[in-house]
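Those protein sequences? They're chains B and X, same order as listed. Using my numbering, the letters of the first sequence correspond one by one to residues 1 to 309. Using my numbering, the letters of the second sequence correspond one by one to residues 1 to 99.
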Amino acid sequence: SPSEYNYEVYHSLEEIQSWMHHLNKTQSGLIRMFSIGRSYEGRPLFVLKLGRKSRAYKRAVWIDCGIHAREWIGPAFCQWFVREALLTYKTDPAMRKMLNHLYFYIMPVFNVDGYHFSWTHDRFWRKTRSRNSRFRCRGVDANRNWKVKWCDEGASVHPCDDTYCGPFPESEPEVKAVANFLRKQGKRITAYLSFHAYAQMLLYPYSYKYATIPNFSCVEYAAYKAVKALRSVHGVQYRYGPASQTLYISSGNSMDWAYKNGIPYAFAFELRDTGHFGFLLPEMLIKPTCTETMLAVKNITVHLLKKCP
Amino acid sequence: HPYNNHYAGDKLIRLIPRSKEQANALKKIYHQLQVDLWQPSSISCLSEETVTDVRIPQNASRTLLAFLQEAHIQYTILIEDLQKALENGSSLQTQRKRR
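Next up, the structure:
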């Protein structure tokens, strides 16, 4: 059950996949697990569909974690989100409304090969694990491999660099699988949320250029309210704004692709912290990080349901 | 020790170049030492006033720190020993499972 699994420690890929299988069997009223493809090394790419089953048309929110392997707090949050949803569906009116009106597609570990590698070999690995026939270096930055101003500023053409964009857009099977899935869903996906670390920021498009998105007003206000809600939990300050100005310019990333492909509300979270621990956020900080982020995500979702067209 | 104690002595250093010259100098030394950039994610994003966090292996840290002192680039050591930080951040349960 959700209450027996320890959500306050980091889990290996195998443990996370076991957990997903377990939920699929035991929480079939609200959860269905399915695979959208295979990784470069042949691992299944599992996604959880979370929400009250309904024959009526329901919009959906896509959430992915672990695009970058070393950002372990991401997958920890994705698991936390599912746990909170299951535990509070009956008692929390906001959660009940969310799961009744929307489906949530949760991909707890996007970069399964990289995540596994960061557990077993190199804690600070970032990229996928695909091979390049001409170079000794492996891996592509899965957040530079999307077809939106691909391999422009903020990405690298060198296979040995950590921001290598890949030989062509969607070269990585993981990226292709998610892109295909989202394309197939069409207008049904109303929001895209991606979880990374670290910087304590809530970002929205664009990343690849300095420009204002057409629906800036609704997106910006949703971000403002989310950050305010997040801060109310433990007093932690997150910055928010367009990624290009708030963080740095980067091309070919998933948030920009999602926006360009018709998902009107696309956000990327950079979770705790700001450098004291960096990627090594201690397990004792999983709970406060996830609790505050949960409130931010609920806030964004409820705001989008109520206020945004 | 997790990861065969591979990260013993590795440091996480924060630098903020205060001029274009300092930023260019950092880019050059980062390339030479092949550092692991934690933020920003790409050396090309490095410019004046950019907060950069870099992981440097033990055997290269002396070279980098000497360079920084010579170039008058201020730095802070965020994590003195990454292996210790890694081990301290995991619960006993997790460490036991890994073993």
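Beta carbons are placed, not taken as given, at the ideal position from N, Cα and C, and that holds for glycine.
Cβ neighbours of residue i in the same chain (closer than 6 Å, five flanking residues each side left out)
| i | result |
| --- | --- |
| B/Trp-119 | Ser-12 |
| X/Tyr-30 | Ile-43 |
| B/Arg-144 | Ala-155, Thr-163, Cys-165 and Gly-252 |
| X/Asp-36 | Arg-55 |
| X/Pro-40 | none |
| B/Ser-250 | Gly-154 and Ser-207 |
| B/Ala-243 | Leu-203 and Ser-207 |
| X/Leu-82 | Tyr-7 and Asp-10 |
Top-ranked residue by Cα proximity to residue i, from the options
| i | options | result |
| --- | --- | --- |
| X/Trp-38 | X/Glu-21, X/Ile-13 and X/Gln-22 | X/Ile-13 |
| B/Glu-153 | B/Cys-137, B/Cys-308, B/Gly-252 and B/Gly-278 | B/Gly-252 |
| B/Leu-280 | B/Ser-130, B/Asp-122, B/Ala-229 and B/Lys-298 | B/Asp-122 |
| X/Val-51 | X/Asp-10, X/Leu-82 and X/Leu-78 | X/Leu-78 |
| B/Gly-278 | B/Cys-151, B/His-303, B/Gln-200 and B/Ser-254 | B/Gln-200 |
| X/Val-54 | X/His-72, X/Ala-71, X/Glu-70 and X/Lys-27 | X/Lys-27 |
| B/Ala-142 | B/Ala-243, B/Phe-168 and B/Thr-128 | B/Thr-128 |
| B/Val-233 | B/Met-294, B/Thr-91, B/Phe-168 and B/Asn-6 | B/Met-294 |
| B/Val-178 | B/Phe-117, B/Asp-161 and B/Tyr-105 | B/Tyr-105 |
| B/Gln-79 | B/Cys-290, B/His-303, B/Ala-296 and B/Cys-308 | B/Cys-290 |
| X/Gln-58 | X/Arg-18, X/Gln-34 and X/Pro-17 | X/Gln-34 |
| X/Glu-80 | X/Ala-8, X/Leu-46 and X/Glu-70 | X/Ala-8 |
| B/Pro-75 | B/Lys-53, B/Leu-304, B/Leu-102 and B/Tyr-115 | B/Tyr-115 |
| B/Gly-241 | B/Arg-43, B/Trp-257, B/Ala-258 and B/Glu-270 | B/Glu-270 |
| X/Leu-86 | B/Phe-124, B/Asn-180, B/Val-175 and B/Asp-256 | B/Phe-124 |
| X/Asn-24 | X/His-6, X/Asn-5 and X/Glu-49 | X/Glu-49 |
| B/Glu-14 | B/Val-112, B/Thr-246 and B/Trp-62 | B/Val-112 |
| X/Ser-61 | X/Pro-2, X/Asp-10 and X/His-1 | X/Asp-10 |
| X/Tyr-3 | B/Phe-117, B/Arg-55, B/Tyr-57 and B/Ala-69 | B/Phe-117 |
| B/Ala-223 | B/Tyr-248, B/Ile-249, B/Leu-193 and B/Ser-250 | B/Leu-193 |
| B/Ile-63 | B/Leu-285, B/Ala-243 and B/Val-109 | B/Val-109 |
| B/Gly-235 | B/Glu-4, B/Ala-266, B/Thr-26 and B/Asp-273 | B/Asp-273 |
| B/Met-284 | B/Lys-260, B/Ile-73, B/Asn-261 and B/Arg-55 | B/Ile-73 |
| B/Thr-26 | B/Ala-243, B/Glu-4 and B/Tyr-10 | B/Glu-4 |
| B/Lys-53 | B/Ser-28, B/Phe-77 and B/Tyr-265 | B/Ser-28 |
| B/Met-255 | B/Cys-308, B/Thr-91, B/Ala-229 and B/Val-175 | B/Val-175 |
| X/Gln-32 | X/His-72, X/Lys-84 and X/Thr-63 | X/Thr-63 |
| X/Glu-21 | X/Ala-71, X/His-1, X/Leu-65 and X/Cys-45 | X/Ala-71 |
Own chain, CB closer than 8 Å to residue i, minus 5 neighbours either side, in chain order
| i | result |
| --- | --- |
| B/Leu-23 | Pro-2, Ile-31, Met-33, Leu-48, Val-82 and Leu-86 |
| B/Lys-306 | none |
| B/Met-95 | Glu-84, Ala-85, Thr-88, Tyr-89 and Lys-298 |
| B/Gly-275 | Tyr-198 |
| B/Glu-172 | Tyr-40, Thr-128, Ser-130, Val-140, Ala-142, Asn-145 and Gly-166 |
| B/Arg-231 | Gln-237, Tyr-238 and Glu-292 |
| B/Lys-59 | According to the sequence as given, residue 59 of chain B is Arg; it is not Lys. So the qualifying residues of the chain are His-101, Leu-102, Tyr-103, Arg-188, Ile-189 and Thr-190. |
| B/Leu-182 | Trp-62, Ile-189, Tyr-192, Ala-258, Asn-261 and Ile-263 |
| B/Glu-170 | Asn-145, Trp-146, Lys-147, Lys-176 and Ala-179 |
| B/Ser-217 | none |
Close Cβ partners of residue i (< 7 Å) along its chain, the five nearest in sequence each way excluded
| i | result |
| --- | --- |
| B/Phe-46 | Gln-17, Met-20, Met-33 and Ser-35 |
| X/Tyr-75 | Ile-13, Arg-14, Leu-15 and Leu-68 |
| B/Pro-159 | Asn-132, Phe-135 and Cys-137 |
| B/Lys-287 | Glu-8 |
| B/Gln-245 | Tyr-210 |
| B/Asn-215 | Pro-264 |
| X/Ser-47 | Ala-23 |
Rounded Cβ spacing between residue i and residue j (contact assumed at less than 8 Å)
| i | j | result |
| --- | --- | --- |
| B/Ile-263 | B/Ile-189 | 5 Å |
| B/Ile-213 | B/Tyr-204 | 7 Å |
| B/Met-107 | B/Cys-65 | 7 Å |
| B/Val-302 | B/Met-98 | 7 Å |
| B/Ala-296 | B/His-196 | Incorrect: roughly 14 Å between the Cβ atoms, too far for contact. |
| B/Val-157 | B/Tyr-208 | Contact flag wrong, Cβ pair sits at about 16 Å. |
| B/Gly-186 | B/Tyr-103 | Their Cβ separation, rounded to whole angstroms, is 14 Å, which puts B/Gly-186 and B/Tyr-103 out of contact at 8 Å. |
| B/Arg-70 | B/Arg-126 | 6 Å |
| B/Pro-282 | X/Asn-5 | That pair is no contact at about 19 Å. |
| B/Val-219 | B/Tyr-265 | 6 Å |
Counting only runs that start and end within the region 154-188 of chain B, where is the alpha helix (DSSP H) found for 4 or more residues in a row?
-> 173-185
Could you tell me which uninterrupted alpha helix (DSSP H) segments, each at least 4 residues in length, are contained entirely in the region 57-129 of chain B, listed from first to last along the chain?
-> 73-88, 93-101 and 112-120
Contacting positions in the region 70-94 of chain X - beta carbon closer than 8 Å to chain B | Leu-78, Ile-79, Leu-82, Ala-85, Leu-86, Asn-88, Gly-89, Ser-90, Ser-91, Gln-93 and Thr-94
Using a Cβ-Cβ cut-off of less than 7 Å, give me the residues of the region 8-35 of chain B that come near chain X, in sequence order.
-> Val-9 and Tyr-10
Could you please tell me which residues of the region 279-300 of chain B, in chain order, have their CB closer than 9 Å to any CB of chain X?
-> Phe-279, Leu-280, Leu-281, Pro-282, Glu-283, Met-284 and Leu-285
What residues in the region 104-130 of chain B bring their beta carbon closer than 7 Å to a beta carbon of chain X?
-> Arg-123 and Phe-124
Near-chain X residues of the region 197-216 of chain B (beta-carbon distance less than 9 Å), N- to C-terminal order = Tyr-198 and Ala-199
Under 7 Å (Cβ pairs) to chain B, residues found in the region 48-72 of chain X | Taking 7 Å as the Cβ-Cβ cut-off against chain B, the residues of the region 48-72 of chain X that qualify are Asp-53 and Arg-55.
Along the region 226-246 of chain B, what residues have a CB closer than 7 Å to any CB found in chain X?
-> none
Using a Cβ-Cβ cut-off of less than 9 Å, list which residues of the region 24-43 of chain X approach chain B; keep chain order.
-> Gln-34, Asp-36, Leu-37, Trp-38, Gln-39, Pro-40, Ser-41, Ser-42 and Ile-43
Beta strand (DSSP E) runs wholly inside the region 231-280 of chain B, at least 3 long, in chain order | 239-242 and 265-271
Check distances from the C-beta atoms of the region 149-163 of chain B to those of chain X and list, in chain order, the residues that come in under 8 Å.
-> Glu-153, Gly-154, Ala-155, Ser-156, Asp-161, Asp-162 and Thr-163
Select from the region 57-83 of chain B all residues with a C-beta closer than 7 Å to any C-beta belonging to chain X, and list them in chain order.
-> none
Taking only runs that begin and end inside the region 13-39 of chain B, name each unbroken beta strand (DSSP E) of 3 or more residues, in chain order.
-> 31-38
Quick one: complete alpha helix (DSSP H) runs, 4+ long, within the region 11-40 of chain X?
-> 20-33
Selection of the region 243-273 of chain B by Cβ proximity to chain X, strictly under 9 Å | Leu-247, Tyr-248, Ile-249 and Ser-250
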